[in-house]
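This note's numbering applies: residue 22 is where the sequence shown begins, and numbers increase by one.
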Amino acid sequence: HLVLVMHQMGSHGPAYYKRSPPDVKTFLPECKSNALAECGHAELLNGYDNSIRNTDAMLGKTIDWLKAQSKDYDTAMLYQSDHGESLGEYGLFLHGLPYGIAPEVQKHIPLVAWFSEGMQKREKLSTRCLQGDLDKPYTHDNLYHTALGVMDVHSPSYKAGLDMFADCRSAG
22 HLVLVMHQMG SHGPAYYKRS PPDVKTFLPE CKSNALAECG HAELLNGYDN
72 SIRNTDAMLG KTIDWLKAQS KDYDTAMLYQ SDHGESLGEY GLFLHGLPYG
122 IAPEVQKHIP LVAWFSEGMQ KREKLSTRCL QGDLDKPYTH DNLYHTALGV
172 MDVHSPSYKA GLDMFADCRS AG
């Protein structure tokens, strides 16, 4: 197996305007200050939305590359953000509050999974089952077990109950 780990600045603030190149900036004007409370809310959202758009473009290019590789290999991509962001809700900005008091926007994060046709067949993954699990609550704790499961790595530390895709293998 070949595993490629990619890290990006993504949508980390406060300098959201630095997280996207000019060619993907659709939402203007942007907040160009690190003092977010001094910016208009729409400008703050524009900078953040442009950073999300840039991440989306990067994921799209990654999937295109994986599709090209899938002629010779079974390929997959798992993408998970490390945290959400507060963009002025309740007077809060950025992230980092203790979990028990953090607002939902800091705790609910995206997970994007993409599998080539060969990987879906190899793993016996049911697309219908996966789509049915879209709203299940998962945490970062699930990523380790899911990655082991997808890569068919056998380890005493693997727990099928924490593998997000375990219930959808051989389901279709």
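Virtual Cβ for every residue (Gly too), placed ideally from N, Cα, C. In this text, all values refer to a predicted model and were calculated from it rather than measured experimentally.
Residues near Gly-68 in its chain [Cβ-Cβ closer than 6 Å; skip 5 each side]:
Tyr-37, Tyr-38, Glu-51, Cys-52
Which term fits Gly-121, buried or exposed, when burial requires 16 or more other beta carbons within 10 angstroms of its beta carbon?
exposed
Do His-161 and Leu-183 come within 7 Å of each other at the CB atom, strictly closer than that value?
no
Are there three or more Cβ pairs, one per stretch, closer than 8 Å when the segment 90 to 100 is compared with the segment 113 to 133?
At 8 Å Cβ cutoff, the stretches touch.
Distance check for Leu-113 and Ser-191, CA to CA, integer angstroms please.
When only Cα atoms are considered, Ser-191 and Leu-113 end up about 44 Å apart.
Would the segment 85 to 97 count as touching the segment 135 to 142 if we require 3 or more Cβ pairs under 8 Å?
These segments touch.
Determine the DSSP secondary structure at Ser-32, reduced to helix, strand or coil.
coil
Taking the alpha-carbon of Arg-149 as reference, which of Cys-189, Gly-31, Asp-44, Gln-127 has the nearest alpha-carbon?
Cys-189
Please go through the same chain and pick out, in chain order, the residues whose beta-carbon is closer than 7 Å to the beta-carbon of Arg-74, but skip the five residues on each side of it.
Ser-41, Val-45, Thr-47
Just the Cα atoms here: how many angstroms apart are Gln-127 and Tyr-111?
12 Å
Among Ile-84, Leu-66, Leu-108, nearest to Ala-123 - alpha-carbon criterion:
Leu-108
Looking only at C-alpha atoms, which of Leu-25, Glu-59, Gly-153 sits nearest to Pro-35?
Of all alpha-carbon atoms in Leu-25, Glu-59, Gly-153, the one lying nearest the alpha-carbon of Pro-35 is that of Glu-59.
I need the boundaries of the alpha helix (DSSP H) containing Tyr-165, first residue and last residue.
161 to 171
Delimiting residues of the beta strand (DSSP E) encompassing Met-98
97 to 101
Checking 7 Å against the spacing of the C-beta atoms, do Ser-91 and Ser-137 come in under that value?
yes
Strand pairing of Trp-135, partner residues [DSSP]:
Met-98
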